[in-house]
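> With the first letter of the sequence shown counted as 1, position 55 gets the number 97 in the working numbering; the numbers rise by one all the way through. Structure in structure tokens, see below.
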Amino acid sequence: MPGGRRGVRGDPDDGHRRDHPGRRPVIRVLVVEDDPVAADAHVLYVNRVPGFEAIARPAHSAAEARRTLDRTQVDLILLDLHLPDGHGLQLARSLRAAGHPTDVIAVTSARDLAVVREGVSLGVVQYVLKPFTFATLRDRLTRYAEFRTAAAEGEATGQDEVDRALATLRAPGPAALPKGLSGPTLERVIRTLRDAPDGLTATAAAQSAGLSRITARRYLEHLVDTVRAARSPQYGHVGRPELVYRWLTPND
């Protein structure tokens with residue numbers, strides 16, 4: 043069962059507890075991901091979920107994660123299982139052996155149920171399959187927070203209460219997209235936008251993603267609506283300004 047300590051707000055890297063009376067403690071999350079672009083995106087995602095705060099500097103390897111955990115209080119690790127210096131479950135195993143109570147949400151593209159079973163025994167409370175959207179991660183984090191709240195209420199009064207607490211960790215089906223949008227096409231548009239740091243118009247995005255302009259614009263607007271992208275007018279010499287869409291980064 044999850045056993046992470048309650049989180050704190052304060053300097054993201056000082057490791058000291060600064061709970062505020064009357065407020066639910068913030069859940070502090072360490073992102074462990076070897077891809078710097080993906081790591082920054084995951085930090086941004088975590089910080090958009092109320093009640094969660096990502097450690098300012100993500101770890102890009104198991105060794106870096108251990109160093110961070112030795113000096114900083116962390117409640118939850120968002121852990122990519124494929125790291126340059128070992129498998130993520132090896133890191134989880136070593137943390138358990140060292141007495142770290144931190145919970146883990148595993149991020150992986152693998153669909154091996156044997157890995158899932160092993161992860162459960164090592165403190166993995168949720169799995170998120172790549173590629174995933176902000177809505178998917180938000181759902182997992184929200185459910186984790188609900189479980190922590192239920193578990194903090196003390197002894198359960200019966201089996202039903204235990205079942206309800208555990209049920210909060212179970213993920214529903216894939217997060218619903220607006221009618222007419224598909225997950226694979228959305229991921230294609232996301233990759234296209236992330237590869238263009240200066241932003242793209244709907245026309246340019248359509249050409250890069252192999253879509254019609256109307257279709258590309260629908261997906262770009264969805265990303266704006268879900269606060270993953272921003273749009274701004276680009277003024278030319280004549281005519282109406284074009285909208286430029288830009289993927290949001292942790293510095294925005």
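Each residue gets a CB set at the ideal place from its N, CA and C atoms; glycine is no exception.
#1: Straight-line CA distance for R113 to A104?
#2: Please determine whether the Cβ atom of L111 lies at a distance below 6 Å from any heavy atom of the ligand GDP.
#3: So what does DSSP say about T144, is it helix, strand or coil?
#4: State the DSSP-derived secondary structure class of G168, mapped to helix, strand or coil.
#5: Check this for me: beta carbons of Y87 and L179, under 7 Å apart or not?
#6: Spell out a yes or no on whether the region 120–134 and the region 65–83 are touching, meaning 3 or more CB-CB pairs, one atom from each, closer than 8 Å.
#7: DSSP state of P88, grouped into three classes?
#8: Within 10 angstroms of its Cβ, does G252 collect 16 or more other Cβ (buried), or is it exposed?
#9: Report the CB separation of E95 from R135 in whole angstroms; it is logged as a contact under 8 Å.
#10: Using the C-alpha atoms, what's the distance from P239 back to A187?
#11: Thinking just about the alpha-carbon of each residue, which of D267, R190 and L164 is nearest to the one in V68?
#12: Helix, strand or coil for P216? Go by DSSP, reduced to three states.
#13: Taking just the CA atoms, how far does V146 sit from L118?
#14: Determine the burial state of Y277: buried for a count of at least 16 other Cβ atoms within 10 Å of its Cβ, exposed for fewer.
#15: Excluding five sequence neighbours on each side, which residues of the same chain lie with their C-beta closer than 8 Å to the C-beta of T243?
So, from the data block:
#1: Taking the first residue of the sequence shown as 1, we reach residue 113 at position 71. Taking the first residue of the sequence shown as 1, we reach residue 104 at position 62. R113 and A104: Cα-Cα distance of roughly 15 Å.
#2: As far as ligands go, the structure on display features none, and thus does not contain the ligand GDP.
#3: On the sequence shown, residue 144 is found 102 positions in, with the first residue counted as 1. The answer is coil: DSSP assigns T144 none of H, G, I, E or B.
#4: Translated into the one-based positions of the sequence shown, residue 168 becomes position 126. Looking at the sequence shown, residue 168 is not Gly but Gln. Strand at Q168.
#5: To locate residue 87, count along the sequence shown from 1; it is residue 45. To locate residue 179, count along the sequence shown from 1; it is residue 137. Yes, they are a contact pair.
#6: With a cut-off of 8 Å, the region 65–83 and the region 120–134 count as touching, because enough Cβ pairs lie within range.
#7: Locating residue 88 in the sequence shown gives position 46, counting from the first residue. Contrary to the premise, residue 88 reads as Val rather than Pro in this sequence. Note: V88 maps to helix in three-state DSSP.
#8: Stepping through the sequence shown from its first residue, residue 252 is reached at position 210. Answer is exposed; the Cβ neighbour count stays below 16.
#9: As a first step, residue 95 is located in the sequence shown; it is residue number 53 there, counting from the start. As a first step, residue 135 is located in the sequence shown; it is residue number 93 there, counting from the start. So it is not a contact: roughly 26 Å between Cβ atoms.
#10: What you label residue 187 is simply residue 145 of the sequence shown in a count that begins at 1. What you label residue 239 is simply residue 197 of the sequence shown in a count that begins at 1. When rounded, the distance between both Cα atoms is 33 Å.
#11: Against the sequence shown, residue 68 aligns to sequence position 26. The shortest Cα separation from V68 among D267, R190 and L164 belongs to R190.
#12: Position 174 of the sequence shown, counting from 1, holds the residue named residue 216. For P216, the pLDDT reaches just 46, beneath the cut-off of 50, and the residue's location in the model is therefore unreliable, leaving the point undetermined.
#13: Start at 1 with the first residue of the sequence shown, and residue 118 comes out as number 76. Start at 1 with the first residue of the sequence shown, and residue 146 comes out as number 104. Cα to Cα, L118 sits roughly 6 Å from V146.
#14: Along the sequence shown, read from residue 1 onward, the residue named residue 277 stands at position 235. Under this definition Y277 is an exposed residue.
#15: Position 201 of the sequence shown holds residue 243. Contacts found: Q276, E284, L285, V286 and Y287.
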